[in-house]
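Contents: one structure, followed by commentary.
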Amino acid sequence: MSMATEAKTKRIVKKTLISYALLTAVTVPFLIPFLWMVSTALKDSAQIMAFPPVWIPNPIMWGNFGEAVTRIPFFMFVKNTVIIVTCSMIGTLVSAPLVAYGFSRIRWPGRDYLLMLVIATMMIPFPVTLIPQFVIFARLGWVNTFYPLIIPSFVGIPFYVFLLRQFFMTIPEDISDSARIDGASELCIYSRIILPLSKPVLAVVSLFQFLTSWNDFLRPLIYLMDPKRYPLSLGLQEFRTTLSEASWMDWNLFMAACTLTVIPTIILFFLAQRHFIEGVHLTGMKE
Amino acid sequence: MIARIRGSRRRNIVVGLLFISPWLIGFILLTAIPIVASLYNSFTRYSGVGSPVWIGLENYKAMFVRDRLFRISVYNTAYYAVIAIPLQIILAIGLALVLNLKVKGVSVFRTLVYMPSIVPVFASSFIWLWLLHPYFGLVNSLLEMVGIRGPGWVVDPAWSKLSIVIMTQWGIGATAMIFLAALQDVPRSLYESAEIDGAGNWAKFINITIPSISPVIFFQLIMTTNGALQMFTQAYIMTDGGPANTTLFYALYLYRKAFLEGKMGFASAMAWLLLLVSLTLTLLLFRSSRRWVFYRGGV
């Protein structure tokens, strides 16, 4: 190798090494909390308090998971969460594309002004509508039921409506026009043509709704009184007594329960990675 | 001919409205009416049961003059916002820059950094509660190993807000990915011509990168600001407003007033004030954007 090429290769290798070093340095802080959570979950009560910190538990207490799900009614919480999440996803998939279709595939006067209204509602801070909504649902007798948590997804959540509308706008009008010439109704075009074309975006929307519902804390907090109806977001708190320095919590069991709570989202993430990244792109629109 | 295919205007209005009817109904019942009701309630005393009682500006007077906790909640929220918002944006951009390095297997790093942002907020609150435990938390243990006596974090009034700031940064992966996409959209030719003119890395960053991604920065600023002003779950779970009300954020105080103290009128006034502040901030951001946001390809 000539001197120049050798020097260049050295530069490239050095640059690559620095790149990997930077990437590792930056990624490690994001990973550590996960690792520590799992590590704690598998420790016995003594090792939690060990100093210097123990990374690999010895003995490995797999039993912690079993104890965690019996210490609190874990599976009941899961069941409640699953019901809420599934119904919300159904509600979103039923309503959001329908509304988005109306805002994109049909021309009617005033359409785009109303769309601006849809977008504007996304900017409203939640406390403004929270209290009157509560009163409305209370008058309907829906407090302590899942209805207030599910029904809003059936009326077209603005974020998804907008996302889907943007996507629908990219589908060529000719497709709709030729169907109309053939005498198809708008509903038919919607269900037979537009929806099947939208599977990737619908997947992204479902994913986001799943996460939003799984994550939901405040609304279950104000609407659900009976602990038997708590989803995981509220139920996990049952582990805590009061957080003061004096009292003690079984952190290992607590972290075991947290691990179980986090695993579904992680698994979902790995299965649907492509859709997540696509979703990120859709939301990061430079508008 | 197209017009004939696309149907008469009258028919289209009917069909269009039918399609969006779910949203329309929901908007009227769950958004429009509540907003107006909320404004009305802010001038009343209302426990949620029975009817609101008109009391004029009493709630607003109480907010600004008499209620000490209200002022504390405003201070706490402002403190948090001023620190967390720039921090999140800057860290996310920095993260995106590193994740933009073109090496093999970089997607693994991107995945790992993104993962925390899909962890439910209530779960990450618990995880960080444990990480920041004053005696047995990993953070203080690591600090002690290098000879530093770690603070009480969430239990320490001086550090409680910062603890929440730190914990929130764990989830910036999603924002970083958005910035990453923006970075990858910047045309190489811009950098190349700058290099020909002898521009160094910093000059390229300031004069090409930042302006090119400024629309995304602008959008994220709005989102992050709104998120910071409405911070609730972490404060409720990690510290419940404590210690000594140092993490009594605005939304948390509002929740307490409405649902624990039955003072829905007062809470409605707080909600409307929040709305006005949000709107003002957003408008200010929009105004300022003319100076520093550059849209490629025309206005």
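Listed in order, the protein sequences are those of chains A and B.
In the working numbering, each residue carries its 1-based index in the first sequence increased by 40.
In the working numbering, each residue carries its 1-based index in the second sequence increased by 612.
Every residue, glycine too, gets a C-beta built ideally from N, C-alpha and C.
Open item on the list: Using a Cβ distance threshold of 8 Å, determine whether the stretch 250–267 of chain A contacts the stretch 730–739 of chain B, with at least three qualifying pairs required.
Closed with: yes
- [ ] Could you tell me whether the Cβ atoms of residue 71 of chain A and residue 710 of chain B are closer together than 7 Å?
- [x] Within the first sequence, the letter at position 31 stands for residue 71 of chain A. Within the second sequence, the letter at position 98 stands for residue 710 of chain B. Contact flag unset, no.
- [ ] Identify which residue in B/838, B/860, B/877, B/722 has its Cα closest to the Cα of residue 314 of chain A.
- [x] Against the first sequence, residue 314 of chain A aligns to sequence position 274. If we check each option's Cα against that of residue 314 of chain A, B/722 comes out closest.
TODO: Work out the CA separation of residue 278 of chain A and residue 681 of chain B for me, nearest whole Å.
DONE: Counting from one through the second sequence, the residue named residue 681 of chain B turns up at place 69. Counting from one through the first sequence, the residue named residue 278 of chain A turns up at place 238. Cα to Cα, the separation comes out at about 28 Å.
Task: Closest Cα partner of residue 261 of chain A within the set A/232, A/174, A/224 - done: Counting from one through the first sequence, the residue named residue 261 of chain A turns up at place 221. Nearest option by C-alpha distance: A/174.
TODO: Return the first residue and the last residue of the alpha helix (DSSP H) that residue 69 of chain A is part of.
DONE: Residue numbering aside, residue 69 of chain A sits at position 29 when the first sequence is read from its first letter. 43–81 is the extent of the alpha helix (DSSP H) around residue 69 of chain A.
TODO: Give the secondary structure of residue 94 of chain A by DSSP, where H, G and I count as helix, E and B as strand, and everything else as coil.
DONE: Mapped onto the first sequence, residue 94 of chain A falls at position 54. DSSP places residue 94 of chain A in coil when its eight states are reduced to three.
Open item on the list: For a cutoff of 7 Å on Cβ pairs, would you count residue 141 of chain A as touching chain B?
Closed with: Taking the first sequence and counting its residues from 1, one reaches residue 141 of chain A at position 101. So yes, residue 141 of chain A belongs to the interface.
- [ ] Quick one: list the residues of chain B neighbouring residue 255 of chain A, beta-carbon separation under 7 Å, in chain order.
- [x] As a working mapping, residue 255 of chain A is identified with position 215 in the first sequence. 732, 733, listed in chain order.
Open item on the list: For residue 75 of chain A and residue 296 of chain A, what's the separation of their Cα atoms in angstroms?
Closed with: By one-based count along the first sequence, residue 75 of chain A stands at place 35. By one-based count along the first sequence, residue 296 of chain A stands at place 256. Their Cα atoms are separated by approximately 12 Å.
TODO: Give the residues from the stretch 639–662 of chain B that approach chain A closer than 8 Å (Cβ to any Cβ), ordered along the chain.
DONE: 639, 641, 642, 643, 645, 646, 647, 649, 650, 653, 660
Open item on the list: Cβ closer than 7 Å: which chain A residues qualify as neighbours of residue 627 of chain B?
Closed with: Locating residue 627 of chain B in the second sequence gives position 15, where the first residue counts as 1. Under the 7 Å cutoff, chain A gives 146, 226.
Task: 9 Å Cβ cut-off: residues of chain B touching residue 66 of chain A - done: Mapped onto the first sequence, residue 66 of chain A falls at position 26. The contacting residues are 706, 707, 710, 711, 721, 725.
TODO: Give the residues from the stretch 74–104 of chain A that approach chain B closer than 8 Å (Cβ to any Cβ), ordered along the chain.
DONE: 74, 76, 77, 80, 88, 89, 91, 92, 93
TODO: Could you tell me which chain A residues have their CB closer than 8 Å to the CB of residue 845 of chain B, listed as they occur along the chain?
DONE: Here residue 845 of chain B refers to the residue found at position 233 when the second sequence is read from its first residue. By Cβ distance, chain A contributes 257, 258.
TODO: Assign residue 665 of chain B to one of two classes, buried (16 or more other C-beta atoms within 10 Å of its C-beta) or exposed (fewer than that).
DONE: As a first step, residue 665 of chain B must be located in the second sequence, where it is residue number 53. Counting Cβ neighbours within 10 Å, residue 665 of chain B comes out exposed, since fewer than 16 surround it.
Task: C-alpha distance - residue 168 of chain A paired with residue 77 of chain A, whole-angstrom precision - done: Looking up residue 168 of chain A in the first sequence gives position 128. Looking up residue 77 of chain A in the first sequence gives position 37. Rounded to the nearest angstrom, the two C-alpha atoms are 36 Å apart.
- [ ] Please determine, among A/263, A/207, A/223, A/146, the residue with the shortest C-alpha to C-alpha distance to residue 243 of chain A.
- [x] As a first step, residue 243 of chain A must be located in the first sequence, where it is residue number 203. Selected option, being the one with the closest Cα: A/207.
Task: Residue-level contact to chain A via CB, residue 835 of chain B, 7 Å cutoff - done: Translated into the one-based positions of the second sequence, residue 835 of chain B becomes position 223. Output row for residue 835 of chain B: interface = no.
- [ ] Just mark residue 796 of chain B as buried or exposed, buried being the case when its beta carbon has 16 or more other beta carbons within 10 Å.
- [x] Residue 796 of chain B sits at position 184 when you count from the first residue of the second sequence. The residue in question, residue 796 of chain B, is exposed, as its Cβ has fewer than 16 Cβ neighbours within 10 Å.
- [ ] Using three-state DSSP, classify residue 665 of chain B as helix, strand or coil.
- [x] Along the second sequence, one-based indexing puts residue 665 of chain B at 53. Correct three-state label for residue 665 of chain B: strand.
Open item on the list: Counting only Cβ pairs nearer than 7 Å, list the residues of chain A close to residue 785 of chain B.
Closed with: If you number the second sequence from 1, residue 785 of chain B lands on position 173. By Cβ distance, chain A contributes 70.
Open item on the list: Just to check my reading of the structure: residue 137 of chain A and residue 238 of chain A have Cβ atoms closer than 8 Å, yes? What is that Cβ distance to the nearest angstrom?
Closed with: Numbered from 1 along the first sequence, position 97 holds the residue referred to as residue 137 of chain A. Numbered from 1 along the first sequence, position 198 holds the residue referred to as residue 238 of chain A. Going by Cβ atoms, the distance from residue 137 of chain A to residue 238 of chain A rounds to 7 Å, so yes, they are a contact pair.
TODO: Could you name the residues that DSSP lists as bridge partners for residue 656 of chain B?
DONE: Taking the first residue of the second sequence as 1, we reach residue 656 of chain B at position 44. According to DSSP, residue 656 of chain B bridges with B/666.
TODO: Could you check how far apart the C-beta atoms of residue 125 of chain A and residue 250 of chain A are, in whole angstroms? I think they sit under 8 Å.
DONE: Looking up residue 125 of chain A in the first sequence gives position 85. Looking up residue 250 of chain A in the first sequence gives position 210. With 8 Å as the limit, residue 125 of chain A and residue 250 of chain A qualify as a contact, their Cβ atoms being about 6 Å apart.
Task: Any chain B beta carbon closer than 7 Å to residue 172 of chain A - done: The residue given as residue 172 of chain A occupies position 132 in the first sequence. Yes, its Cβ sits closer than 7 Å to a Cβ of chain B.
Open item on the list: With the cut-off set at 7 Å, would you say residue 746 of chain B and residue 767 of chain B are in Cβ contact?
Closed with: Translated into positions along the second sequence, residue 746 of chain B becomes position 134. Translated into positions along the second sequence, residue 767 of chain B becomes position 155. Yes; because the gap between Cβ atoms is below 7 Å, this pair is in contact.
Open item on the list: Using only the alpha-carbon positions, how far apart do residue 307 of chain A and residue 299 of chain A sit?
Closed with: The residue labelled residue 307 of chain A in the question sits at position 267 within the first sequence. The residue labelled residue 299 of chain A in the question sits at position 259 within the first sequence. Distance between the alpha carbons of residue 307 of chain A and residue 299 of chain A: 12 Å.
- [ ] Go ahead and pull the three-state DSSP assignment for residue 286 of chain A.
- [x] The residue you call residue 286 of chain A lines up with position 246 of the first sequence. Note that residue 286 of chain A has pLDDT 38, beneath the 50 cutoff, so the model's placement of it is unreliable and no number is given.
Open item on the list: Whole angstroms are fine: how far does the CA of residue 195 of chain A sit from the CA of residue 227 of chain A?
Closed with: Within the first sequence, the letter at position 187 stands for residue 227 of chain A. Within the first sequence, the letter at position 155 stands for residue 195 of chain A. Distance between the alpha carbons of residue 227 of chain A and residue 195 of chain A is about 18 Å.
TODO: Can you have a look at residue 773 of chain B and say buried or exposed, based on whether 16 or more other CB atoms are within 10 angstroms of its CB?
DONE: Here residue 773 of chain B refers to the residue found at position 161 when the second sequence is read from its first residue. Residue 773 of chain B is buried by the Cβ-count criterion.
TODO: Ignoring anything shorter than 4 residues or poking outside the stretch 142–201 of chain A, list the alpha helix (DSSP H) runs there in chain order.
DONE: 151–161, 166–179, 187–190
TODO: Measure the CB-CB distance between residue 632 of chain B and residue 836 of chain B and report whether it falls below 7 Å.
DONE: Taking the second sequence and counting its residues from 1, one reaches residue 632 of chain B at position 20. Taking the second sequence and counting its residues from 1, one reaches residue 836 of chain B at position 224. Cβ atoms of residue 632 of chain B and residue 836 of chain B: not closer than 7 Å.
Task: Simplified DSSP state of residue 270 of chain A, which is helix, strand or coil - done: As a working note, residue 270 of chain A is residue 230 in the first sequence. Reduced to three states, the DSSP call for residue 270 of chain A is coil.
- [ ] Using a Cβ-Cβ cut-off of 7 Å, state whether residue 739 of chain B counts as contacting chain A.
- [x] Locating residue 739 of chain B in the second sequence gives position 127, counting from the first residue. It does; some Cβ of chain A falls within 7 Å.
Task: Buried versus exposed, by CB contacts within 10 Å (16 or more), residue 910 of chain B - done: The residue given as residue 910 of chain B occupies position 298 in the second sequence. At residue 910 of chain B the pLDDT is 44, less than 50, meaning the model places this residue with poor confidence; the figure from the coordinates comes in the next sentence. Flag for residue 910 of chain B reads exposed.
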